[in-house]
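Residue numbers for the sequence shown follow my numbering, so the first one is 1329 and each next one is one higher.
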Amino acid sequence: MRLDGKVAIITGAAAGIGRATALRFAQEGASVVVTDINRDGASEAAAAITAAGGRAVALCHDVSSESQWTEVAGAAVEAFGTVDVLFNNAGIFVLKPLADTTLGEWERLMSINVTSVFLGMKHVMPLMAHAGKGSVINASSVAGLVGSARSTMYSASKGAVRAMTKGAAMEYAARGVRVNSIHPGLVDTAMADYASGTTGRSKQALGQAACPMGRLGTVGDVSSLVLFLASDESSYMNGAELVLDGGFTAA
Ligand SMILES: NC(=O)c1ccc[n+]([C@@H]2O[C@H](COP(=O)([O-])OP(=O)(O)OC[C@H]3O[C@@H](n4cnc5c(N)ncnc54)[C@H](O)[C@@H]3O)[C@@H](O)[C@H]2O)c1
């Protein structure tokens, strides 16, 4: 019970990394606010948690909407009394040549991948600071550290998440709130399916290309790291960028 008594908000928790982390947090004793723009998926994830004996509520939530962030923060406090952990996980992935990318596509991706993290931190960190404790985990990517072709827009968004994490960490450190970013390599979710479909390469081939270990990451690999950052085991980690990519960026 590494999160016993803690309350966590996880965005984009209807699928992939967010869903796996929500279930893992609940197994470790957390009460989980499962949010996603996919209402049915969020409800299903929360139902899976409660069926296993955990505590969860589901909220339909577009992370790019400030009014919805206000509602989510309020609903979390109403349901469980406080917020100890925020996992800013929701995001989208677009692979596209730079010159073919429209301004509308750029603005949409930035609002879902970057504005979301700004709004989440803006509305939840003051609650944490009031309580004198909290841990925020922001989903960046290896794309926030290194470049790759057709990924300029996505890299820009994840680089912004990396830098925002450090700024917020400095601003809130003295108030007991920690903020760290995670930087996964290619993980086997719908995003890997999309990468496979877009590039015409099998997921196995992508895993071999993207990682010296020769495989894609799993949602379990990522949820283990997020669990560590959410728990008090990481109490001296702040403003850090945690890479989990099987060695991809070590080369
Ligand atoms: N899968 C990877 O290879 C990989 C690698 C590095 C980083 N990441 C990052 O990890 C995070 C999760 O990725 P994933 O692979 O689990 O993706 P996924 O596509 O499996 O799940 C993303 C979830 O976010 C939700 N979502 C999309 N737009 C939203 C919005 N506007 N508001 C609220 N929810 C929204 C979707 O409905 C979905 O449930 C993302 O930020 C992604 O950029 C993923």
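In this text, a Cβ means the ideal position worked out from N, Cα and C, and glycines have one as well.
For Arg1506, the first and last residue of its enclosing alpha helix (DSSP H): Walking along the sequence shown from the start, residue 1506 turns up at place 178. Premise fails: Arg1506 lies in the beta strand (DSSP E), Val1505 to Pro1512, not in any alpha helix (DSSP H).
Hey, is Thr1517 close to ligand 1, as in C-beta under 6 Å from one of its heavy atoms? Locating residue 1517 in the sequence shown gives position 189, where the first residue counts as 1. Yes, the beta carbon of Thr1517 sits closer than 6 Å to at least one heavy atom of ligand 1.
Spatially closest choice to Ala1491 from Ala1336, Thr1480, Ser1469 and Val1422, by CA coordinates: Locating residue 1491 in the sequence shown gives position 163, where the first residue counts as 1. When each option's Cα is compared against that of Ala1491, the closest is Ser1469.
Are Ala1447 and Glu1394 touching if we call contact CB-CB under 7 Å? In the sequence shown, counting from the first residue as 1, residue 1447 sits at position 119. In the sequence shown, counting from the first residue as 1, residue 1394 sits at position 66. Note on identity: in this sequence residue 1447 is Leu, with Ala being the wrong assignment. Yes, Cβ-Cβ distance for Leu1447 and Glu1394 is below 7 Å.
CA-CA distance, Ala1379 and Leu1455? The residue you call residue 1379 lines up with position 51 of the sequence shown. The residue you call residue 1455 lines up with position 127 of the sequence shown. Each residue's Cα considered, the two are about 29 Å apart.
Quick check on Leu1514: buried or exposed, where buried means 16 or more other Cβ atoms within 10 Å of its Cβ? Here the question's residue 1514 lines up with position 186 in the sequence shown. It is buried - the Cβ of Leu1514 has at least 16 other Cβ atoms within 10 Å.
For the beta strand (DSSP E) containing Thr1363, list its first residue and its last residue. Taking the sequence shown and counting its residues from 1, one reaches residue 1363 at position 35. Run containing Thr1363: Ser1359 to Asp1364, per the beta strand (DSSP E) assignment.
Please go through the same chain and pick out, in chain order, the residues whose beta-carbon is closer than 7 Å to the beta-carbon of Ala1459, but skip the five residues on each side of it. Here residue 1459 refers to the residue found at position 131 of the sequence shown. Closer than 7 Å at Cβ, skipping near neighbours: Thr1410.
Along the chain, which unbroken stretches of the alpha helix (DSSP H) at least 4 residues long are found entirely within the region 1348–1419? As far as the region 1348–1419 is concerned, its whole alpha helix (DSSP H) runs of at least 4 residues are 1367–1379 and 1394–1408.
Short Cβ contact (7 Å threshold) for Gly1551 with Arg1347: Residue mapping note: residue 1551 aligns to position 223 of the sequence shown, counting from 1. Residue mapping note: residue 1347 aligns to position 19 of the sequence shown, counting from 1. The sequence as given places Ser at residue 1551; Gly does not occur at that position. No, Cβ-Cβ distance for Ser1551 and Arg1347 is not below 7 Å.
Any 3 or more C-beta pairs closer than 8 Å across the region 1415–1427 and the region 1475–1483: Contact annotation: the region 1415–1427 touches the region 1475–1483, with at least three C-beta pairs closer than 8 Å.
Looking at Asn1417: is its Cβ nearer than 7 Å to the Cβ of Thr1493? What you label residue 1417 is simply residue 89 of the sequence shown in a count that begins at 1. What you label residue 1493 is simply residue 165 of the sequence shown in a count that begins at 1. The answer is no: Cβ separation not under 7 Å.
Check Leu1534 in the structure and name its three-state DSSP category. The residue you call residue 1534 lines up with position 206 of the sequence shown. It is helical.
Helix, strand or coil at Gly1340 according to DSSP, with G and I counted as helix: On the sequence shown, residue 1340 is found 12 positions in, with the first residue counted as 1. For Gly1340, the three-state secondary structure derived from DSSP is coil.
Please indicate yes or no: does the CB of Pro1512 lie closer than 6 Å to some heavy atom of ligand 1? On the sequence shown, residue 1512 is found 184 positions in, with the first residue counted as 1. Pro1512 Cβ: within cutoff of ligand 1.
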